[in-house]
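Colleague:
There are 4 protein chains.
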Amino acid sequence: MERHLRADAARNREAILAAAEAEFRAHGVEASIDAIAERAGVGVGTLYRNYSTKDELMRAILAARAEPLVAAAQEALTASDPGAAFFEFVRRVFAASGDFKALADSLTAAGLDLDAAKQEAGGELMGAVRQLFARAQEAGDVRADVTLDDLHLLIGGLSHSTQGAADQRQISRCVDLLCDAVRSPAIRSANRR
Amino acid sequence: MERHLRADAARNREAILAAAEAEFRAHGVEASIDAIAERAGVGVGTLYRNYSTKDELMRAILAARAEPLVAAAQEALTASDPGAAFFEFVRRVFAASGDFKALADSLTAAGLDLDAAKQEAGGELMGAVRQLFARAQEAGDVRADVTLDDLHLLIGGLSHSTQGAADQRQISRCVDLLCDAVRSPAIRSANRR
Amino acid sequence: MERHLRADAARNREAILAAAEAEFRAHGVEASIDAIAERAGVGVGTLYRNYSTKDELMRAILAARAEPLVAAAQEALTASDPGAAFFEFVRRVFAASGDFKALADSLTAAGLDLDAAKQEAGGELMGAVRQLFARAQEAGDVRADVTLDDLHLLIGGLSHSTQGAADQRQISRCVDLLCDAVRSPAIRSANRR
Amino acid sequence: MERHLRADAARNREAILAAAEAEFRAHGVEASIDAIAERAGVGVGTLYRNYSTKDELMRAILAARAEPLVAAAQEALTASDPGAAFFEFVRRVFAASGDFKALADSLTAAGLDLDAAKQEAGGELMGAVRQLFARAQEAGDVRADVTLDDLHLLIGGLSHSTQGAADQRQISRCVDLLCDAVRSPAIRSANRR
DNA sequence: CATGAATGAGTTTTCATTCAT
DNA sequence: AATGAATGAAAACTCATTCAT
Chain A
649 MERHLRADAA RNREAILAAA EAEFRAHGVE ASIDAIAERA GVGVGTLYRN YSTKDELMRA
709 ILAARAEPLV AAAQEALTAS DPGAAFFEFV RRVFAASGDF KALADSLTAA GLDLDAAKQE
769 AGGELMGAVR QLFARAQEAG DVRADVTLDD LHLLIGGLSH STQGAADQRQ ISRCVDLLCD
829 AVRSPAIRSA NRR
Chain B
649 MERHLRADAA RNREAILAAA EAEFRAHGVE ASIDAIAERA GVGVGTLYRN YSTKDELMRA
709 ILAARAEPLV AAAQEALTAS DPGAAFFEFV RRVFAASGDF KALADSLTAA GLDLDAAKQE
769 AGGELMGAVR QLFARAQEAG DVRADVTLDD LHLLIGGLSH STQGAADQRQ ISRCVDLLCD
829 AVRSPAIRSA NRR
Chain C
649 MERHLRADAA RNREAILAAA EAEFRAHGVE ASIDAIAERA GVGVGTLYRN YSTKDELMRA
709 ILAARAEPLV AAAQEALTAS DPGAAFFEFV RRVFAASGDF KALADSLTAA GLDLDAAKQE
769 AGGELMGAVR QLFARAQEAG DVRADVTLDD LHLLIGGLSH STQGAADQRQ ISRCVDLLCD
829 AVRSPAIRSA NRR
Chain D
649 MERHLRADAA RNREAILAAA EAEFRAHGVE ASIDAIAERA GVGVGTLYRN YSTKDELMRA
709 ILAARAEPLV AAAQEALTAS DPGAAFFEFV RRVFAASGDF KALADSLTAA GLDLDAAKQE
769 AGGELMGAVR QLFARAQEAG DVRADVTLDD LHLLIGGLSH STQGAADQRQ ISRCVDLLCD
829 AVRSPAIRSA NRR
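Chains as they are written, first to last, in the numbering used here: chain A, 649 to 841; chain B, 649 to 841; chain C, 649 to 841; chain D, 649 to 841.
1) Along chain A, which residues have their Cβ under 8 Å away from the Cβ of residue 810 of chain B?
2) Exposed or buried, which one is residue 788 of chain D when buried takes at least 16 other CB atoms within 10 Å?
3) Please state whether the Cβ-Cβ distance between residue 830 of chain D and residue 791 of chain D is less than 7 Å.
4) Quick one: does residue 789 of chain D have its CB under 7 Å from some CB of chain C?
5) Roughly how many angstroms lie between the CA atoms of residue 669 of chain A and residue 731 of chain A, to the nearest whole one?
6) Leaving out the 5 sequence neighbours to the left and right, which residues in its chain are closer than 7 Å to residue 760 of chain A when beta-carbon positions are compared?
7) Using the C-alpha atoms, what's the distance from residue 806 of chain C back to residue 705 of chain B?
8) Using 7 Å as the threshold, is the C-beta distance between residue 675 of chain C and residue 808 of chain D below it?
9) Please return the same chain residues whose Cβ sits closer than 7 Å to the Cβ of residue 625 of chain C, not counting the five positions on each side in sequence.
10) In three-state DSSP terms, what is residue 718 of chain A?
11) Taking only beta-carbon atoms, is residue 825 of chain C less than 7 Å away from chain D?
12) Looking at residue 717 of chain D and residue 744 of chain D, is the spacing between their C-beta atoms short of 7 Å?
13) Whose Cβ in chain C lies nearer than 8 Å to the Cβ of residue 818 of chain D?
14) Tell me which residues share the same chain as residue 734 of chain C and place their Cβ nearer than 6 Å to its Cβ, disregarding the 5 neighbours each side in the sequence.
15) Using a Cβ-Cβ distance cut-off of 7 Å, determine whether residue 703 of chain B contacts chain A.
16) Roughly how far, in whole angstroms, is the beta-carbon of residue 736 of chain C from the beta-carbon of residue 724 of chain C, given that I think they are within contact range, below 8 Å?
17) Of all Cβ atoms in chain A, is any one closer than 7 Å to the Cβ of residue 821 of chain B?
18) Near residue 695 of chain C, what residues of its chain come up, given a Cβ to Cβ distance below 6 Å and the 5 sequence neighbours on each side ignored?
19) Would you call residue 821 of chain B buried or exposed, if buried means 16 or more other Cβ atoms sit within 10 Å of its Cβ?
20) Suppose contacts are defined by Cβ-Cβ distances below 7 Å. Is residue 667 of chain A in contact with residue 687 of chain A by that definition?
21) Quick one: what's residue 831 of chain B bridged to in DSSP?
22) In this structure, does DSSP put residue 807 of chain C in helix, strand or coil?
23) Give me the residue from B/690, B/782, B/786 with the minimum Cα distance to residue 797 of chain B.
24) Assuming contact is defined by CB atoms lying nearer than 7 Å, are residue 698 of chain C and residue 659 of chain C in contact in what I supplied?
25) In the segment 728-742 of chain C, which residues sit with their C-beta less than 9 Å from some C-beta in chain D, listed in chain order?
26) Apply the 10 Å Cβ neighbour rule to residue 726 of chain D and answer buried if 16 or more other Cβ atoms are within range, or exposed otherwise.
27) Using a Cβ-Cβ cut-off of 7 Å, state whether residue 828 of chain A counts as contacting chain B.
28) Would you please verify whether the beta carbon of residue 761 of chain C is less than 7 Å from any beta carbon of chain D?
29) Drop a sphere of 10 angstroms on the beta-carbon of residue 817 of chain B, count the other beta-carbons inside from all chains shown, and report buried for 16 or more, exposed for fewer.
30) By a C-beta neighbour count over all protein chains shown, 10 Å radius and 16 as the cutoff for buried, is residue 823 of chain B buried or exposed?
31) Ends of the alpha helix (DSSP H) at residue 725 of chain D?
32) Please report the residue range of the alpha helix (DSSP H) in which residue 692 of chain A lies.
33) Since residue 819 of chain B and residue 810 of chain B should fall inside the 8 Å C-beta cutoff, what is the C-beta to C-beta distance between them, to a whole number of angstroms?
Rendered as structure tokens:
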């Protein structure tokens with residue numbers, strides 16, 4: 649064992665997170681703690697010292713993986729073209745979302761955690777997205793008859809489908825399609841990919 | 649036990665299927681065989697005589713629930729307007745899909761089964777859909793740059809998001825959006841909802 | 649394995665109870681379910697089918713072992729000499745109590761269960777004992793300055809000490825001592841053992 | 649950490665002992681080493697440096713708490729009235745025994761340790777008590793048909809029952825009863841409380 | 001020396017699956 | 001053929017104990 653060096657308790661935390669993410673992606677919510685610990689090269693006890701519940705571990709993954717997106721969303725809020733910024737952000741979400749089967753799964757299968765998790769992991773994210781969306785809609789770049797919830801459904805769904813294998817080209821094609829669908833008809837032709 | 653008036657093994661099969669569907673819808677993949685058997689009013693043994701694995705049971709549900717869709721798809725193939733028939737069929741898929749959390753879950757959580765299940769449950773369905781799609785595309789009603797796989801991703805995803813709660817209006821709005829997204833730009837305005 | 653014969657699910661229940669009692673007596677509350685199951689010659693699952701919780705198992709032991717005492721107490725209530733009946737019953741308690749380390753332990757160590765357990769297992773017993781005691785005291789055979797609670801303390805304690813090894817002669821000597829202690833002074837000499 | 653001003657390893661030992669006693673009293677044998685260490689304001693490692701086993705720690709508590717009793721017993725040996733000295737000592741034991749749930753528990757639940765613990769913690773104590781008892785019996789103040797072992801059973805038991813809640817008055821009443829029971833009949837009336 | 005992170009065997013409990021009746 | 005008792009592997013989680021810092 650080449651761990652243990654005290655100061656890399658931090659390293660352990662990250663190793664666990666990575667292992668957990670991998671296991672969750674491979675086996676869904678059913679992924680076993682023992683397997684995660686083993687993959688992380690760590691005893692179960694260590695895992696539990698860091699994340700005292702399977703649930704907490706899941707949420708930690710979400711939170712960790714959501715961070716860059718939060719940053720991106722907040723940055724996007726300062727962009728000059730609300731529509732462009734919004735659609736760009738949506739694409740970024742998908743670029744990142746290769747990391748999220750665990751997320752989708754935990755939300756799906758753990759049921760009750762959904763809200764708690766969204767609060768914790770996605771609280772800020774959701775806030776930022778809400779604003780991003782509102783700005784784009786006000787600017788007339790997003791159809792007025794589409795709600796933020798619709799967007800979540802569409803994005804969440806595709807993001808789910810997208811886990812696993814689909815090739816990058818295809819994903820990108822579908823994302824474009826989705827963006828296009830919510831874009832205001834008036835300006836649609838101009839933005840045609 | 650005062651059931652089985654002789655030879656209604658068939659009745660049992662259906663009862664089991666119904667019970668399983670209900671339990672899966674209620675508890676996801678985690679639904680327990682014992683609970684299913686009990687709800688079906690049958691001993692576990694009987695359940696196992698019919699479906700020798702939890703997995704097989706899941707696939708059987710998929711297959712059973714896919715049947716009406718297969719019929720619909722095949723009927724749609726005979727329609728005169730390929731575009732209309734195709735989009736109508738997509739809507740029908742979503743109308744039916746309220747029945748499929750178990751499906752989504754089993755696909756999601758069982759991972760490996762995904763492909764096998766698709767083969768078995770959706771074999772015919774896929775065939776019919778493929779033709780439906782091809783005809784609509786040839787007729788110029790569906791964008792040429794969209795593939796059948798794209799469609800699966802989009803529909804599968806939304807169908808996943810859609811499980812659980814979302815109100816019918818919202819679902820229908822999103823489905824329209826999706827249809828619109830794959831519709832050929834030329835004719836889009838004409839079909840505006 | 650020479651079990652399994654369906655109709656001796658009952659036999660299993662008893663085997664489990666016996667094994668549990670033995671293990672509890674040997675290792676206190678810490679006794680492990682696996683060990684109990686193994687000693688009973690049964691899978692853990694079987695044990696859990698019968699007693700769905702360690703707690704329930706403990707209470708079942710108490711209840712089972714308390715039964716004969718309840719009977720004895722109730723019978724004693726009909727005796728003509730209240731004092732004699734009472735002291736006789738106390739002796740009977742100790743004769744039976746070779747079976748009770750588990751009891752003492754669960755009461756002691758599980759804390760919260762104490763009351764619940766008493767309610768369930770000893771409810772009737774306690775009632776009967778209360779009457780037995782009251783009658784003996786009214787008849788002037790038990791000292792007026794002793795309460796039922798005192799008696800419980802004294803009997804419970806000795807009964808606890810008594811678990812494990814102490815030879816029968818010694819136990820009986822101590823019980824006599826105890827009885828003597830609560831006997832009314834007036835009649836003490838007459839009853840001298 | 650801003651403790652250990654050098655060489656107060658001693659201070660640590662006592663802090664640990666106190667913490668352990670508190671935790672054991674609160675949670676029985678199940679008390680966790682981590683909790684004890686934390687309460688003592690010490691790392692687990694330090695605790696283990698001092699007491700290399702949970703068991704050893706338990707025995708250390710017993711030994712520590714037994715000390716004053718040993719002193720009392722030895723002093724009692726020099727008293728002029730053997731009977732009075734003996735009974736007085738018994739009362740003192742109970743007065744002290746509010747401190748001993750951990751003891752009772754460890755004896756109870758650890759089973760095997762019982763004897764070892766008695767050897768270590770109570771070795772001297774037992775010796776002194778033996779003499780005290782012998783003298784009282786020789787002096788005719790204690791019934792001749794009672795053995796030291798009987799006494800242990802009776803006292804140990806009551807002491808066990810007594811842990812936890814019972815009010816002081818009741819305890820004292822029961823102790824008197826017990827003393828009375830072993831007192832020689834001849835002199836009993838004279839000593840009536 | 002003290003610290004507390006790491007370890008992993010062990011605990012209770014669940015559940016798919018088998019098999020005697 | 002139907003039943004449901006039995007099985008035991010596996011899961012989440014705990015905790016005494018070790019050992020790098």
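Positions of the beta carbon are idealized from the N, C-alpha and C atoms, including for glycine. Here the structure is a predicted model, which is why all the values come from computation and not from measurement.
Modeller: Inspection of the coordinates gives the following:
1) 801, 805
2) Per the 10 Å Cβ criterion, exposed.
3) Yes; because the gap between Cβ atoms is below 7 Å, this pair is in contact.
4) no
5) 33 Å
6) Reliability fails at residue 760 of chain A, whose pLDDT of 42 lies under 50, so the model's placement of it is uncertain and the value that follows must be treated cautiously. Closer than 7 Å at Cβ, skipping near neighbours: no residue.
7) 59 Å
8) no
9) Not covered by the structure: residue 625 of chain C. The range shown for chain C is 649 to 841.
10) In the structure shown, residue 718 of chain A sits in a helix (DSSP, three-state: H, G or I).
11) yes
12) yes
13) 795, 797, 798, 801
14) 780, 784
15) Chain A, which has no Cβ nearer than 7 Å to the Cβ of residue 703 of chain B, makes this no.
16) That belief holds up - the Cβ atoms of residue 736 of chain C and residue 724 of chain C are roughly 7 Å apart, short of 8 Å.
17) yes
18) 664, 685
19) buried
20) yes
21) B/790
22) Three-state result, residue 807 of chain C: helix.
23) B/782
24) no
25) Listed in sequence order: no entries.
26) Residue environment analysis places residue 726 of chain D among the exposed positions, since fewer than 16 neighbouring C-beta atoms fall within 10 angstroms of its C-beta.
27) yes
28) Interpretation of residue 761 of chain C is limited by its pLDDT of 47, a score under 50 that renders its predicted location unreliable; the figure taken from the coordinates is listed afterwards. So no, residue 761 of chain C is outside the interface.
29) exposed
30) buried
31) Where residue 725 of chain D is concerned, there is no enclosing alpha helix (DSSP H), given that its DSSP letter is neither H nor E.
32) Residue 692 of chain A -> alpha helix (DSSP H) spans 692-698.
33) 5 Å
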